[in-house]
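In what follows, a structure is listed as structure tokens, so that the remarks can point back to it.
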Amino acid sequence: MDLQIFIPSIVLALVFMWMQSLYWEIRYRVWITAALLIGLSTAAVVSWISSWAPSLGLVPQLLIECGLIGVMAVAVLLIWFFRDPERVPPEKDGVILSPADGKIIYVKEVEDENHFVSIKAGTRYSLEELFEAQWPFRGGYLIGIEMNVLDVHVNRAPIGGRVVLRKSIKGGFPGLGKPNAEIRSQRAATIIEDGNILVGVVQIASRFVRGIVPYVKEDQHVTIGQRIGMIRFGSQVDIAIPDLVDCEIAVKPGETVRAGLTVIARYGQGISLIHAKPELLTQEVKK
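Every letter in the sequence shown is one number past the one before it in the numbering used here, and letter 164, counting from 1, is 431.
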């Protein structure tokens with residue numbers, strides 16, 4: 268292979284993927300491997316083109332290489348992003364599974380509904396959509412899961428049961444004169460109850476991409492680990508867990524989790540009524 272084709276292809280691919288890694292927070296081993304593969308593929312194609320056009324100059328060659336690298340990088344990214352592997356959840360009782368692939372960014376103990384606020388990239392997102400009649404608890408736990416562009420973006424049910432709430436909020440942005448106001452990004456809330464507990468999943472889309480796709484609807488019964496929706500591109504998923512009698516959070520910030528596979532909490536069969544709102548409880552809760 269001609270070094271005049273090989274070296275520019277590798278260098279351009281490395282620079283392009285490095286720039287993408289800064290924006291999408293791609294691990295260095297991943298982007299370097301992808302850059303080498305894309306660079307080699309580009310060099311092979313350009314070598315074939317130059318064999319048919321021996322008089323191809325340096326500038327046209329570089330333009331072709333840049334175009335091929337961009338097309339290949341986007342194609343690889345889209346194929347990887349939209350993958351949806353089959354998963355078999357662990358057969359255990361009293362567990363809550365992660366609803367999303369990604370990294371745990373916080374585990375917060377919440378005292379009342381006013382503190383159920385997600386934090387995404389330093390911005391506060393109110394999760395008040397959880398606190399309708401279907402969510403009769405003042406406190407609990409809020410776990411944030413950050414997904415980067417390389418994570419599987421299909422979200423799964425953390426428990427099995429009936430979908431008692433499925434609500435989407437279009438979102439919006441404060442005026443330019445209100446820099447400290449909360450941004451209401453597009454998000455969707457799904458609350459599932461299994462007869463003993465309720466668990467809320469909140470999907471938060473990127474500020475620039477409004478692409479939450481629901482897979483379930485209200486009153487539908489789901490199994491643990493079942494697909495419940497998808498968020499396009501960089502996103503975050505929060506899971507709200509009510510105040511359980513003997514709840515044990517099994518994850519901590521910085522850990523990597525996988526949807527439908529990683530146990531993020533374990534619980535007994537009772538729910539603490541200390542933080543419950545009696546006026547909203549519609550059924551007897553067994554301790």
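The beta carbon of each residue, even a glycine, is placed where N, CA and C say it ideally should be.
So, are the CB atoms of residue 426 and residue 491 less than 9 Å apart?
-> Translated into the one-based positions of the sequence shown, residue 426 becomes position 159. Translated into the one-based positions of the sequence shown, residue 491 becomes position 224. Yes, these two residues count as a Cβ contact at 9 Å.
Going by alpha carbons, who is nearest to residue 272 out of 413, 345, 303 and 325?
-> Counting from 1 along the sequence shown, the entry for residue 272 is found at position 5. Checked all of 413, 345, 303 and 325; the closest Cα to residue 272 is 325.
Given 8 Å, three or more beta-carbon pairs between the region 413-421 and the region 505-521 = no
Measuring CA to CA, which of 344, 411 and 385 is closest to residue 368?
-> Within the sequence shown, the letter at position 101 stands for residue 368. For the residues 344, 411 and 385, the minimum Cα distance to residue 368 belongs to 411.
Three CB pairs or more closer than 8 Å across the region 333-353 and the region 369-377 = no
What is the DSSP secondary structure of residue 289, reduced to helix, strand or coil?
-> Indexing the sequence shown from 1 puts residue 289 at position 22. Of the three classes helix, strand and coil, the one that applies to residue 289 here is helix, per DSSP.
On the three-state DSSP scale, how would you describe residue 296?
-> Counting from one through the sequence shown, the residue named residue 296 turns up at place 29. Note: residue 296 maps to helix in three-state DSSP.
Round the Cβ separation of residue 284 and residue 301 to the nearest angstrom and send it over; I've been treating them as touching at under 8 Å.
-> Along the sequence shown, one-based indexing puts residue 284 at 17. Along the sequence shown, one-based indexing puts residue 301 at 34. 6 Å between Cβ atoms; contact.
Starting from the C-beta of residue 422, find all residues in its chain whose C-beta is less than 8 Å away, skip the five residues before and the five after it, and write them out in chain order.
-> Residue 422 sits at position 155 when you count from the first residue of the sequence shown. Within the same chain, residue 422 has close Cβ partners 366, 367, 468, 470, 494, 495, 496, 497, 498, 504 and 526.
Residue interval of the beta strand (DSSP E) (run including residue 508) | Translated into positions along the sequence shown, residue 508 becomes position 241. Looking at the DSSP string, the run of the beta strand (DSSP E) that includes residue 508 is 502-509.
On a CA-only basis, which of 347, 374 and 275 is nearest residue 518? Give me that one, please.
-> Taking the sequence shown and counting its residues from 1, the one referred to as residue 518 is at position 251. Nearest of 347, 374 and 275 to residue 518, Cα basis: 374.
Does the distance from the CB of residue 332 to the CB of residue 270 come in under 9 Å?
-> Residue mapping note: residue 332 aligns to position 65 of the sequence shown, counting from 1. Residue mapping note: residue 270 aligns to position 3 of the sequence shown, counting from 1. Not in contact: residue 332 and residue 270 (Cβ atoms no closer than 9 Å).
Unbroken beta strand (DSSP E) runs of length 3 or more, entirely within the region 459-483: which are they?
-> 465-471 and 479-481
Does the beta-carbon distance from residue 431 to residue 458 come in below 9 Å?
-> Counting from one through the sequence shown, the residue named residue 431 turns up at place 164. Counting from one through the sequence shown, the residue named residue 458 turns up at place 191. A contact, by the Cβ cut-off of 9 Å.
Who are the near neighbours of residue 289 in its chain, counting only those whose CB is closer than 6 Å to its CB and skipping five residues on each side?
-> Walking along the sequence shown from the start, residue 289 turns up at place 22. Cβ neighbours of residue 289 beyond the five flanking positions: none.
Classify residue 523 as helix, strand or coil using the three-state DSSP reduction.
-> Taking the first residue of the sequence shown as 1, we reach residue 523 at position 256. Correct three-state label for residue 523: strand.
Taking the C-alpha atoms as reference points, what is the distance between residue 533 and residue 378?
-> Position 266 of the sequence shown, counted from the start, is the residue given in the question as residue 533. Position 111 of the sequence shown, counted from the start, is the residue given in the question as residue 378. The alpha-carbon atoms of residue 533 and residue 378 are separated by roughly 20 Å.
Whole-angstrom distance between residue 344 and residue 287, CA atom to CA atom | On the sequence shown, position 20 is the one that residue 287 refers to. On the sequence shown, position 77 is the one that residue 344 refers to. In a straight line, the C-alpha of residue 287 is about 10 Å away from that of residue 344.
Thinking C-beta only, is residue 357 closer than 9 Å to residue 530?
-> As a position in the sequence shown, residue 530 is number 263, starting the count at 1. As a position in the sequence shown, residue 357 is number 90, starting the count at 1. Cβ distance < 9 Å, so residue 530 and residue 357 count as in contact.
Give the straight-line distance between the Cα atoms of residue 317 and residue 323, rounded to the nearest whole angstrom.
-> For the purposes of this step, residue 317 is taken as residue 50 along the sequence shown, with counting starting at 1. For the purposes of this step, residue 323 is taken as residue 56 along the sequence shown, with counting starting at 1. Distance between the alpha carbons of residue 317 and residue 323: 6 Å.
Mind listing, in chain order, the continuous beta strand (DSSP E) runs of no fewer than 3 residues lying wholly within the region 358-384?
-> 362-364 and 369-377
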